[in-house]
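Engineer: Input: one structure, supplied below.
Protein chains: 2
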Amino acid sequence: MDFHTEFKPLTVQPQEIEEKSFEMITEELGEHPFTAEQYPVVQRVIHASADFELGRSLVFHPRAIEAGIAAIRAGKIVVADVQMVQVGISKPRIEQFGGDVRVYISDKDVMEEAKRLNTTRAIISIRKAIKEADGAIYAIGNAPTALLELIRLVKEGIAKPGLIVGVPVGFVSAAESKDELAKLDIPFITNIGRKGGSPVAVAAVNALSIMAARKE
Amino acid sequence: MDFHTEFKPLTVQPQEIEEKSFEMITEELGEHPFTAEQYPVVQRVIHASADFELGRSLVFHPRAIEAGIAAIRAGKIVVADVQMVQVGISKPRIEQFGGDVRVYISDKDVMEEAKRLNTTRAIISIRKAIKEADGAIYAIGNAPTALLELIRLVKEGIAKPGLIVGVPVGFVSAAESKDELAKLDIPFITNIGRKGGSPVAVAAVNALSIMAARKE
Numbered sequence: 080m081d082f083h084t085e086f087k088p089l090t091v092q093p094q095e096i097e098e099k100s101f102e103m104i105t106e107e108l109g110e111h112p113f114t115a116e117q118y119p120v121v122q123r124v125i126h127a128s129a130d131f132e133l134g135r136s137l138v139f140h141p142r143a144i145e146a147g148i149a150a151i152r153a154g155k156i157v158v159a160d161v162q163m164v165q166v167g168i169s170k171p172r173i174e175q176f177g178g179d180v181r182v183y184i185s186d187k188d189v190m191e192e193a194k195r196l197n198t199t200r201a202i203i204s205i206r207k208a209i210k211e212a213d214g215a216i217y218a219i220g221n222a223p224t225a226l227l228e229l230i231r232l233v234k235e236g237i238a239k240p241g242l243i244v245g246v247p248v249g250f251v252s253a254a255e256s257k258d259e260l261a262k263l264d265i266p267f268i269t270n271i272g273r274k275g276g277s278p279v280a281v282a283a284v285n286a287l288s289i290m291a292a293r294k295e
Numbered sequence: 080m081d082f083h084t085e086f087k088p089l090t091v092q093p094q095e096i097e098e099k100s101f102e103m104i105t106e107e108l109g110e111h112p113f114t115a116e117q118y119p120v121v122q123r124v125i126h127a128s129a130d131f132e133l134g135r136s137l138v139f140h141p142r143a144i145e146a147g148i149a150a151i152r153a154g155k156i157v158v159a160d161v162q163m164v165q166v167g168i169s170k171p172r173i174e175q176f177g178g179d180v181r182v183y184i185s186d187k188d189v190m191e192e193a194k195r196l197n198t199t200r201a202i203i204s205i206r207k208a209i210k211e212a213d214g215a216i217y218a219i220g221n222a223p224t225a226l227l228e229l230i231r232l233v234k235e236g237i238a239k240p241g242l243i244v245g246v247p248v249g250f251v252s253a254a255e256s257k258d259e260l261a262k263l264d265i266p267f268i269t270n271i272g273r274k275g276g277s278p279v280a281v282a283a284v285n286a287l288s289i290m291a292a293r294k295e
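Taken in order, these protein sequences are the chains called A and B. Going by this note's numbering, the first residue of the first sequence is number 80, and it counts up by one from there. Going by this note's numbering, the first residue of the second sequence is number 80, and it counts up by one from there.
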């Protein structure tokens, strides 16, 4: 292919940009309440959002990191609530352990069932996911109704996720859904307040898969 | 398909959640410096981020909104810097005017050329895009190098975008690339500072396409 003209060698490569960014984050963040195991998730969330307030708002269940790493290493599925989360998650590190990154919200049967029950596709996609993805990591960045449905199914003993990364963003139900998640005694990563979103869910899962690929 | 059990009718539907959120945003934002035409973009960015500071940091070229609407109505391509932006943009409203939403960063020829020139895929993807997408809307939420390359090609008179939505997030080069964009006298939407990201780029383009589909 005939690409455009002038060759300008880069002084900074993407890998270097990331390393420099991570150093800046550690320096600017200063003291924080997170453990050494949790910190890579916090750091990557701040990297993805440039928002220290958002990073500091993260809340971890005590077993969250070890459970997330274990699920990835066991080849469990990562269930994304929306396609933006699915495409953002780095697949090779999930697939190398036999896992996969899936999204159900635009499946034909999910759309039909949501219409029939006059409910959200997000809710029905969670009901489908728990049938197909035992012990999955749920990465929910957008739909509070998906997170609330997953919490309900956990409480009823129907869903047994490996880890819930529940960080929906928004003004209606998002903060409330995360408060509910934080009450559960199962592995979760969430945050306090309205902020969150696809890049936060993606950053958390990618941080975990890097740890899964590295650690012994 | 046999979905799970209990039927719980929703009290709030997604459309109602969005309307209620938009009301809350307008109320909490209060006075602001944006025009009536710019405001739907600001509102949708805040809706996607739950971040009023980010919303207030938006900067519009005076012709940005009319140029964006005109480009969509003329069936111009929307070029996304990364796949997360591509999948987040609502396609039916772009396609109804003959347009399309494309991303080049993972194209085989782009990857090969980036490797050969020891530069970023983001830069090469912009060089490919300007050949294929005359008058396009560029939606850049992640890669400062993509935005800097596009600015360079505009200055050299090689690229003639319809609109640049340049809102990369990050600690290295992101804020600087947006400062450069804001100096151009061509239609742009950007923001001041490190914050930004895929959902911001997506929100801006979706707000424009809603206006394009509605307005006369």
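By construction, the Cβ of each residue, glycine as well, lies at the ideal position given by its N, Cα and C atoms. Predicted model only: the values in this text are computed from it and were never measured.
Among B:Gln92, B:Phe131 and B:Thr269, which one has its Cα closest to the Cα of Ser256 of chain B?
Structural biologist: The option with the nearest alpha carbon to Ser256 of chain B is B:Thr269.
Engineer: Using C-beta distances below 8 Å, list every residue in its chain close to Asp264 of chain A, excluding the 5 sequence neighbours before and after it, in chain order.
Structural biologist: Only His140 meet the Cβ criterion.
Engineer: Check the Cβ-Cβ distances between His111 of chain B and every residue of chain A, and say whether any is below 9 Å.
Structural biologist: His111 of chain B does not count as touching chain A.
Engineer: Could you check whether Val281 of chain A and Met163 of chain B sit closer than 9 Å to each other, using their CB atoms as the reference points?
Structural biologist: Against a cut-off of 9 Å, the Cβ pair of Val281 of chain A and Met163 of chain B comes out as a contact.
Engineer: I'd like to confirm the pairing. Which residues does DSSP put opposite Ala253 of chain B in its beta bridges?
Structural biologist: In the DSSP output, where bridge partners are listed per residue, Ala253 of chain B has none listed.
Engineer: Give every residue of the same chain whose Cβ lies closer than 7 Å to the Cβ of Gly177 of chain B, excluding the five residues on either side of it in the sequence, and list them in chain order.
Structural biologist: Gly154, listed in sequence order.
Engineer: Below 7 Å on C-beta distance, what does Gln162 of chain A contact in chain B?
Structural biologist: Correct list: Val166.
Engineer: Just checking: is the beta-carbon of Ile271 of chain B within a distance shorter than 9 Å of some beta-carbon in chain A?
Structural biologist: Taking Cβ atoms only, chain A never reaches closer than 9 Å to Ile271 of chain B, which makes this a no.
Engineer: Taking one C-beta from the segment 223-243 of chain A and one from the segment 135-151 of chain A each time, how about it: are there three or more such pairs within less than 8 Å?
Structural biologist: Contact holds: three or more Cβ-Cβ distances are below 8 Å.
Engineer: Please classify Ala115 of chain B as buried or exposed, where buried requires at least 16 other C-beta atoms within 10 Å of its C-beta.
Structural biologist: Answer is exposed; the Cβ neighbour count stays below 16.
Engineer: Is Gln94 of chain A buried or exposed, if buried means 16 or more other CB atoms sit within 10 Å of its CB?
Structural biologist: Classification for Gln94 of chain A: exposed.
Engineer: Grouping DSSP H, G and I as helix and E and B as strand, with all else coil, what is Leu263 of chain A?
Structural biologist: The answer is coil: DSSP assigns Leu263 of chain A none of H, G, I, E or B.
Engineer: Using 8 Å as the threshold, is the segment 215-234 of chain B in touch with the segment 271-285 of chain B, meaning 3 or more CB pairs across them?
Structural biologist: The answer is yes - the segment 271-285 of chain B touches the segment 215-234 of chain B, with three or more Cβ pairs under 8 Å.
Engineer: Just the chain C side, please: which residues come within less than 9 Å of Lys274 of chain B by C-beta, in chain order?
Structural biologist: Protein chains A and B are contained in the structure displayed, whereas chain C is not.
Engineer: Answer yes or no: does any C-beta atom of chain B fall closer than 9 Å to that of Pro278 of chain A?
Structural biologist: Closer than 9 Å to some Cβ of chain B, the Cβ of Pro278 of chain A qualifies, so yes.
Engineer: Could you tell me the distance, in whole angstroms, from the CA atom of Asp160 of chain B to the CA atom of Phe267 of chain A?
Structural biologist: Their backbone Cα atoms lie some 31 Å apart in a straight line.
Engineer: Could you spell out where the beta strand (DSSP E) holding Ala159 of chain B opens and where it closes?
Structural biologist: Ala159 of chain B -> beta strand (DSSP E) spans Val157 to Ala159.
Engineer: Only counting the same chain, and skipping five residues up and downstream in sequence, which positions put a Cβ closer than 6 Å to that of Leu227 of chain A?
Structural biologist: So the qualifying residues of the chain are Ser256.
Engineer: Out of B:Arg206, B:Phe113 and B:Gly276, state which residue places its alpha-carbon closest to the alpha-carbon of Glu235 of chain B.
Structural biologist: Among B:Arg206, B:Phe113 and B:Gly276, the Cα nearest to that of Glu235 of chain B is on B:Arg206.
Engineer: Write down the C-beta distance between Ala254 of chain A and Gly276 of chain B rounded to the nearest angstrom, noting that I regard them as a contact closer than 8 Å.
Structural biologist: Actually they do not touch by this definition, with Cβ atoms about 20 Å apart.
Engineer: Indicate the three-state DSSP secondary structure (helix, strand or coil) for Asn270 of chain A in the structure shown.
Structural biologist: Strand at Asn270 of chain A.
Engineer: May I have a chain-ordered list of the alpha helix (DSSP H) segments no shorter than 4 residues that lie completely inside the segment 149-191 of chain B?
Structural biologist: Complete alpha helix (DSSP H) runs here, min 4: 162-167 and 170-174.
Engineer: Classify Phe113 of chain B as helix, strand or coil using the three-state DSSP reduction.
Structural biologist: The answer is coil: DSSP assigns Phe113 of chain B none of H, G, I, E or B.
Engineer: Along chain B, which residues have their Cβ under 8 Å away from the Cβ of Gly249 of chain A?
Structural biologist: In chain order: Ile96, Ser100, His126 and Ala129.
Engineer: For Glu259 of chain A and Ile230 of chain A, which I take to be in contact (beta-carbon distance under 8 Å), what is that distance rounded to the nearest angstrom?
Structural biologist: Confirmed, about 5 Å.
Engineer: Beta-carbon within less than 6 Å of Ser100 of chain B's beta-carbon, same chain only, minus the 5 sequence neighbours each way: which residues are those?
Structural biologist: Around Ser100 of chain B: His126.
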